[in-house]
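Using this note's numbering, read the sequence shown as starting at 52 and increasing by one per residue. Note sheet for the following structure.
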Amino acid sequence: MKIVIVGTGYIGLVTGVCFAEKGFDVHCIDLDQTKIDNLYKGIMPIYEHGLKEMVMSNLERKTISFSTNLKESMIGAKTIFICVGTPMNKDGHANLSYVMTCAENIGDYIDNYVCVVVKSTVPVGTCDKVETIIKNKIQDRNINIEFDIVSNPEFLKEGVAIDDCLSPDRVVIGFHTDKSKTIMSKLYEPFNLNKNKLIFMDIRSSELTKYTSNAMLATRVSFMNEIAALSEKVNANIDYVRKGIGSDLRIGPKFLNAGTGYGGSCFPKDVSALIKTAQSVDHSLEILKSVHNVNEKQKYVLIDKLKEYLSNQLKDKLIAVWGLSFKPDTDDIRDAPSITIVNELINSGASVIAYDPVAIDVFKSYFEKHQFSEQIQYGKDPYDVLKSADALLIVTEWKEFINSDINKVKNILENKPIFDGRNIYDLKVATDINLNYFSIGRA
Numbered sequence: 052m053k054i055v056i057v058g059t060g061y062i063g064l065v066t067g068v069c070f071a072e073k074g075f076d077v078h079c080i081d082l083d084q085t086k087i088d089n090l091y092k093g094i095m096p097i098y099e100h101g102l103k104e105m106v107m108s109n110l111e112r113k114t115i116s117f118s119t120n121l122k123e124s125m126i127g128a129k130t131i132f133i134c135v136g137t138p139m140n141k142d143g144h145a146n147l148s149y150v151m152t153c154a155e156n157i158g159d160y161i162d163n164y165v166c167v168v169v170k171s172t173v174p175v176g177t178c179d180k181v182e183t184i185i186k187n188k189i190q191d192r193n194i195n196i197e198f199d200i201v202s203n204p205e206f207l208k209e210g211v212a213i214d215d216c217l218s219p220d221r222v223v224i225g226f227h228t229d230k231s232k233t234i235m236s237k238l239y240e241p242f243n244l245n246k247n248k249l250i251f252m253d254i255r256s257s258e259l260t261k262y263t264s265n266a267m268l269a270t271r272v273s274f275m276n277e278i279a280a281l282s283e284k285v286n287a288n289i290d291y292v293r294k295g296i297g298s299d300l301r302i303g304p305k306f307l308n309a310g311t312g313y314g315g316s317c318f319p320k321d322v323s324a325l326i327k328t329a330q331s332v333d334h335s336l337e338i339l340k341s342v343h344n345v346n347e348k349q350k351y352v353l354i355d356k357l358k359e360y361l362s363n364q365l366k367d368k369l370i371a372v373w374g375l376s377f378k379p380d381t382d383d384i385r386d387a388p389s390i391t392i393v394n395e396l397i398n399s400g401a402s403v404i405a406y407d408p409v410a411i412d413v414f415k416s417y418f419e420k421h422q423f424s425e426q427i428q429y430g431k432d433p434y435d436v437l438k439s440a441d442a443l444l445i446v447t448e449w450k451e452f453i454n455s456d457i458n459k460v461k462n463i464l465e466n467k468p469i470f471d472g473r474n475i476y477d478l479k480v481a482t483d484i485n486l487n488y489f490s491i492g493r494a
């Protein structure tokens, strides 16, 4: 079966290469010719473990191709996946301009039956709009071509996206017709060998399922950060609390770690978009509003601890930062707590020396486009940034940091403070060696 993937960003590229891995004829489309040329050279637009090797392997097998020509690629295609970005507008709504443009292009070029699959994260009702746009385009061309609209939201976790795609825990599919249901079942048959992972439903429920999933996980994160703040005040340890409630089968252990708040391309924008969707129908999601507010406050928790320690005297201090990406195993810094933290440090008169295993170039590019880039230095390894630092902030829990030599860190810092936003060090070990150490939710 021939599959067209529109968009070679995080979702489009991972989805496309995984379908190619299963033997489908995949054609990936993007407007950026440079990105297309780079993909053929093995230069990936994102960091994801194993992605480059899989892309190059499938290029060699000729199961995947990259192009800017949607019209040509649509010839003979049975399915077209819309995988373009839906970034957050300033007002919190999802920006659907790329999705709508894609729908217009499909309507302009469609010449046979095709199943149009919306995989981008979109608010409830978006698939209806996509369907209307394509229908109107077909009518304008005075032709009679049938097509179906399907909602198939992604549930990929950055850092393990390929594994999630190849071995999904569930595949949510919103559909209207038996024909589209049959096509989607055939598409996912190679991913559905051990048990029935396909969950079929109406399209609007499918659209809402994606947002609700991310909103629930974001809620767990903010809730635990609230409890972590309380733990400090009552002299408790959030690690024990997390283990105690996580062992309850009704709750489970995932997304219960205290820290500096969530970031990335999904949780912030999806929580905001769901709040806006509710407002559009005169409904208020009070819990999610609090989730968002708690998370924004949590991004400052390390700064607040540092300022208290230094009596608000950050001017001319050099602060080391471990971790720039919003989570380990990715170079994604979208809405990362590190951006808020570094901005606040610089606005308070401090300078920054940072290290991240993969996100330095992306972070550097971000600040060069904005401001203060001359006040940020970058080290070659975790220990390098400690040599002249007045304090260390740990922002991302990379394994390189978790496995760092705690005694070496102490010796280089010479008893200067460590503010650990991810609780990577064992509290007892830190206490036993008299480390000048402050963590989250552990008094």
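Quick reminder that beta carbons are idealized off the backbone N, C-alpha and C, glycines included. Every value quoted in this text rests on a predicted model; they were computed, and no experiment measured them.
When only Cα atoms are considered, T130 and K305 end up about 35 Å apart.
Assigned with DSSP and collapsed to three states, H78 falls in strand. Looking at the backbone, the Cα of L259 and that of T114 are separated by about 33 Å. In the structure shown, the three-state DSSP call for L369 is strand. Put simply, the backbone Cα of Y429 is about 10 Å away from that of D412.
In the structure shown, G67 adopts helical secondary structure according to DSSP, grouped into three states.
With respect to the C-alpha of S218, the residue from E205, K230 and D229 having the closest C-alpha is E205.
The Cβ atoms of V167 and I196 do not sit closer than 8 Å to each other.
Of K461, L249 and P96, the smallest CA-CA separation from N203 is found for L249.
Collapsing the DSSP output to three states places L361 in coil. Under the criterion of beta carbons closer than 8 Å, V77 and I54 qualify as touching, at roughly 5 Å. Cα atoms of G63 and Y160: separation of roughly 20 Å, rounded to the nearest angstrom. Under the three-state reduction of DSSP, L217 is assigned to helix. One alpha carbon belongs to N146, the other to K170, and they sit about 15 Å apart.
When the five nearest sequence neighbours on each side are left out, the beta carbons in the same chain lying within less than 6 Å of the beta carbon of V223 are those of P204, I250, S257 and T260, in order along the chain. In the displayed model, T172 falls within coil according to three-state DSSP, outside both helix and strand. By the beta-carbon neighbour count (other beta carbons within 10 angstroms, threshold 16), G74 is exposed. Contact between the stretch 286 to 302 and the stretch 323 to 336 is absent: fewer than 3 CB-CB pairs across the two stretches fall below 8 Å. Going by DSSP, L249 is part of the beta strand (DSSP E) stretching over L249 to M252. For A269, the three-state secondary structure derived from DSSP is helix. When secondary structure is reduced to three states using DSSP, K320 falls in the helix class.
Remark: three or more beta-carbon pairs, one from each stretch, lie closer than 8 Å, so the stretch 317 to 328 and the stretch 133 to 144 are flagged as touching. Across the structure, C317 and A387 are spaced so that their CA atoms are roughly 11 Å apart. Look at the stretch 394 to 430 and you find these whole runs of alpha helix (DSSP H), each 4 residues long or longer: 411 to 420.
For L444, the enclosing beta strand (DSSP E) starts and ends at A442 to I445. When I126, L339, V342 and N398 are compared, the shortest CA-CA separation from K368 is found for N398. In this structure, L102 places its C-beta atom within 8 Å of the C-beta atom of V65.
Within the DSSP bridge table, the entry for M139 names A145 as partners. Within the same chain, Cβ atoms closer than 7 Å to the Cβ of E155 are found at I184 and K188, the five residues on either side in sequence being excluded. Listed in chain order, the alpha helix (DSSP H) runs fully inside the stretch 258 to 312 are 289 to 297, counting runs of at least 4 residues. The alpha-carbon of A405 is positioned some 10 Å away from that of I445. For K122, no beta strand (DSSP E) encloses it; the enclosing alpha helix (DSSP H) starts and ends at L121 to S124.
Contact check between the stretch 462 to 477 and the stretch 437 to 453: three or more CB pairs, one atom from each, fall below 8 Å, which counts as touching. Counting only the Cα atoms, D191 lies some 52 Å from P408. Per DSSP, the continuous beta strand (DSSP E) segment holding I56 begins and ends at K53 to V57. Between Q84 and T59, the C-beta spacing is not below 8 Å.
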